[in-house]
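Visitor: Quick note: the sequence shown uses UniProt numbering, first residue 1, plus one each step.
For every residue, glycine included, the Cβ atom is placed at its ideal position computed from N, Cα and C.
Okay, handing you the structure first.
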Amino acid sequence: MVTLENLREQVLKNCLIAEANYAGTFSLCGLVLRLRDLYKWEQGLRPWVEPDSAVLLEWIEQRESSWDPWVDQEFQPLVLDGVARDPFDVDGINEVLAGSGVVYGAGYVEGLRPSFFLGAVGETRETDGAVIFSVEREIVRDVFASPAMRQGGRIYIRHQPMLSFLWDQIFEMRPSARSALGFAFAAYGLDVHTVARFPQRYADALETIARDQLYTWIHHELGEFHEEAFRGHLWHDIIATYPNTPIEVYARVLKDLCADTDDKGLIRHIAENRRRAALAFYVAFLRPFTRLLFPEIIKAFSAFRKFGRWEIIEDTRRKAKEKFHQRAAQLAALHEERHEKGIARTRDDILRACIAPLGILKQSA
């Protein structure tokens, strides 16, 4: 039987290989921020505790140096019980780990960056045909950690990355998010600006909010599990064909919105359960590209704040679901033409038909 320490070391190797070969896809600033979060996790620091700059920079240099042996290396199989397993064989590896209190995750996150983790699982439950693993403590992880991810019918929710994400949103307090964040925190009886100034004083509240919202995010993953706008391997084929382009970003945002507006997705769950804070957080966390594709939810949230009617949100969701399915069908049809036109011409057609009308092609290209 493999020991936890041995398994941790094996997973760590693949984390380092992933970082060595894909960390460069971030901007310098973006990479430093992610490495800072990784350092805080490794040192057991709360997200709002800032480390000494000199110590952090030295650690970053050491982490980057640890990548050198792994540049251009293939991911290593995980050896469990004497059997070498593909590191992306999540089902097979977790079958071996069943009952150990540990769960393993591997997959591809935004930008087709491979990501791996090993964590202590607290709760496991089945919902709407998917199995939810609540990762209470990270044992090993990489710089690409995401609060929630899905692999087939497995959904992982990770508490530490979620707390870090929440704090980053509070600390950054983008102008477009400020009002919605204020509304969300008010639903918990808190002032977001006070929390931002004195996070240690509100540590327990931040933990509670992060946990609440993470469990709400399960319904985004469930929506993705059930949505049928992109059938089979179509979506994966699209993002693999046009990596690191505006088309990949568009396809990812569109799939997320199809999931959120699905009948089993996030927005319907929020509306049915009257989750005022979750609605506000959803609007606050919208990325610029998502706002362009889904301005209706911003208008609906404004109307909801005025009238307090959940029917406004549900009606917006239903109409948006139809719109996003139509966009997905348009993207799929154009993508299928690549066999006749070739990838380069098809890429130009998608950019012209799907993305140029949004007015961001020059900025995204």
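Rounded to whole angstroms, what is the Cα-Cα separation between D81 and V2?
Guide: Counting from one through the sequence shown, the residue named residue 81 turns up at place 81. Counting from one through the sequence shown, the residue named residue 2 turns up at place 2. Approximately 6 Å between the Cα atoms of the pair.
Visitor: Which residues mark the beginning and the end of the alpha helix (DSSP H) in which I247 is found?
Guide: Taking the sequence shown and counting its residues from 1, one reaches residue 247 at position 247. Its alpha helix (DSSP H) spans residues 246 to 260.
Visitor: Would you mind sorting E227 into buried or exposed? The rule is 16 or more other CB atoms within 10 Å of its CB.
Guide: Along the sequence shown, one-based indexing puts residue 227 at 227. Buried: at least 16 other Cβ atoms inside 10 Å.
Visitor: Measuring alpha carbon to alpha carbon, tell me which residue in E95, Y22, L28 is nearest residue 415.
Guide: Because the chain in this structure spans residues 1 to 365, residue 415 falls outside the shown range and cannot be described.
Visitor: Go through the stretch 114 to 181 residue by residue and report every complete run of the alpha helix (DSSP H) that reaches 4 residues or more, in order.
Guide: Runs found: 159 to 172.
Visitor: Cα-Cα, which of R201, L56, I267 is closest to H220?
Guide: Here residue 220 is taken as the residue at index 220 of the sequence shown, counted from 1. Closest option to H220, Cα to Cα, is I267.
Visitor: According to DSSP, G107 sits in a beta bridge with which residue or residues?
Guide: One-based indexing of the sequence shown puts residue 107 at position 107. According to DSSP, which records beta bridges pairwise, G107 is partnered with S115.
Visitor: Determine the burial state of K306: buried for a count of at least 16 other Cβ atoms within 10 Å of its Cβ, exposed for fewer.
Guide: Position 306 of the sequence shown holds residue 306. When all chains shown are included, K306 counts as exposed.
Visitor: Report the start-end ranges of each alpha helix (DSSP H) in the stretch 179 to 252 that is 4 residues or longer and not cut off at the edges.
Guide: If we require 4 residues or more, the alpha helix (DSSP H) runs fully inside the stretch 179 to 252 come out as 192 to 197, 203 to 226, 234 to 241.
Visitor: Please report how far the alpha carbon of K341 lies from the alpha carbon of R347, in whole angstroms.
Guide: Within the sequence shown, numbered from 1, the residue matching residue 341 stands at position 341. Within the sequence shown, numbered from 1, the residue matching residue 347 stands at position 347. Going by the C-alpha atoms only, they are around 10 Å apart.
Visitor: Kindly indicate which three-state DSSP category A84 falls into: helix, strand or coil?
Guide: By one-based count along the sequence shown, residue 84 stands at place 84. DSSP places A84 in strand when its eight states are reduced to three.
Visitor: What's the C-alpha gap between D263 and R274?
Guide: Translated into the one-based positions of the sequence shown, residue 263 becomes position 263. Translated into the one-based positions of the sequence shown, residue 274 becomes position 274. Going from the Cα of D263 to the Cα of R274 covers about 16 Å.
Visitor: With a cut-off of 8 Å on the beta carbons, I'd call A280 and A196 a contact; round off their distance for me.
Guide: Indexing the sequence shown from 1 puts residue 280 at position 280. Indexing the sequence shown from 1 puts residue 196 at position 196. In fact, because the Cβ distance is near 16 Å, the residues do not count as touching under 8 Å.
Visitor: Rounded to the nearest angstrom, how far is the Cβ of I313 from that of A300, given a contact under 8 Å?
Guide: Position 313 of the sequence shown, counted from the first residue, corresponds to residue 313. Position 300 of the sequence shown, counted from the first residue, corresponds to residue 300. Contact holds; Cβ gap of about 6 Å.
Visitor: Using the rule of at least 16 other Cβ atoms within 10 Å of the residue's Cβ for burial, across every protein chain shown, is K321 buried or exposed?
Guide: Along the sequence shown, one-based indexing puts residue 321 at 321. Classification of K321: buried, given that the 10 Å Cβ count is 16 or more.
Visitor: Residue range of the alpha helix (DSSP H) that R317 falls in?
Guide: For this step, residue 317 is matched to residue 317 along the sequence shown. Start and end: 310 to 336.
Visitor: CB residue 387 to CB S134, shorter than 8 Å?
Guide: The displayed coordinates of the chain run from 1 to 365. Any statement about residue 387 would go beyond what the structure contains.
Visitor: Report the three-state DSSP secondary structure of L78 (helix, strand or coil).
Guide: Along the sequence shown, read from residue 1 onward, the residue named residue 78 stands at position 78. Note: L78 maps to strand in three-state DSSP.
Visitor: Report yes if the CB atom of I350 is closer than 8 Å to the CB atom of I239, and no otherwise.
Guide: Taking the sequence shown and counting its residues from 1, the one referred to as residue 350 is at position 350. Taking the sequence shown and counting its residues from 1, the one referred to as residue 239 is at position 239. Contact: no.
Visitor: Measuring only the C-alpha atoms, how far is S364 from G308?
Guide: As a working mapping, residue 364 is identified with position 364 in the sequence shown. As a working mapping, residue 308 is identified with position 308 in the sequence shown. Since pLDDT at S364 reaches only 42, below the 50 mark, its modelled position is unreliable, and no value is offered.
Visitor: Measuring alpha carbon to alpha carbon, tell me which residue in S100, A130, L163 is nearest V49.
Guide: Working through the sequence shown from its first residue, we reach residue 49 at position 49. If we check each option's Cα against that of V49, L163 comes out closest.
Visitor: Just confirm the distance between the C-beta atoms of T261 and R327, as a whole number of angstroms; I'd bet it's less than 8 Å.
Guide: Stepping through the sequence shown from its first residue, residue 261 is reached at position 261. Stepping through the sequence shown from its first residue, residue 327 is reached at position 327. Actually they do not touch by this definition, with Cβ atoms about 11 Å apart.
Visitor: Can you give me the Cβ contacts of F289 inside the same chain, cut-off strictly under 7 Å, excluding the 5 residues immediately before and after it?
Guide: Indexing the sequence shown from 1 puts residue 289 at position 289. So the list reads V249, V253, once near-sequence residues are dropped.
Visitor: Assuming N6 and Q76 make a contact with CB atoms under 8 Å, what is their CB distance in whole Å?
Guide: Locating residue 6 in the sequence shown gives position 6, counting from the first residue. Locating residue 76 in the sequence shown gives position 76, counting from the first residue. That pair is no contact at about 13 Å.
Visitor: Taking 7 Å as the cut-off, is the CB of F285 close to at least one heavy atom of the ligand COA?
Guide: Questions concerning the ligand COA fall outside what the structure shown contains, since it holds no ligand whatsoever.
Visitor: Let me check understanding here. Comparing Cα to Cα, which of Q200, A344, A205, M173 lies closest to R46?
Guide: The residue you call residue 46 lines up with position 46 of the sequence shown. Ranking the options by Cα distance to R46, first place goes to Q200.
Visitor: Would you say W41 and Q160 are within 8 Å of each other, going by their C-beta atoms?
Guide: Translated into the one-based positions of the sequence shown, residue 41 becomes position 41. Translated into the one-based positions of the sequence shown, residue 160 becomes position 160. Result yes, Cβ atoms of W41 and Q160 sit closer than 8 Å.
Visitor: What residue does the alpha helix (DSSP H) around F301 start on, and which one ends it?
Guide: Stepping through the sequence shown from its first residue, residue 301 is reached at position 301. That run of the alpha helix (DSSP H) goes 295 to 307.
Visitor: Could you name the residues of the same chain whose beta carbon sits closer than 6 Å to that of W59, not counting the 5 residues immediately before and after it, in chain order?
Guide: The residue given as residue 59 occupies position 59 in the sequence shown. Taken in chain order, the residues that qualify are Y39.
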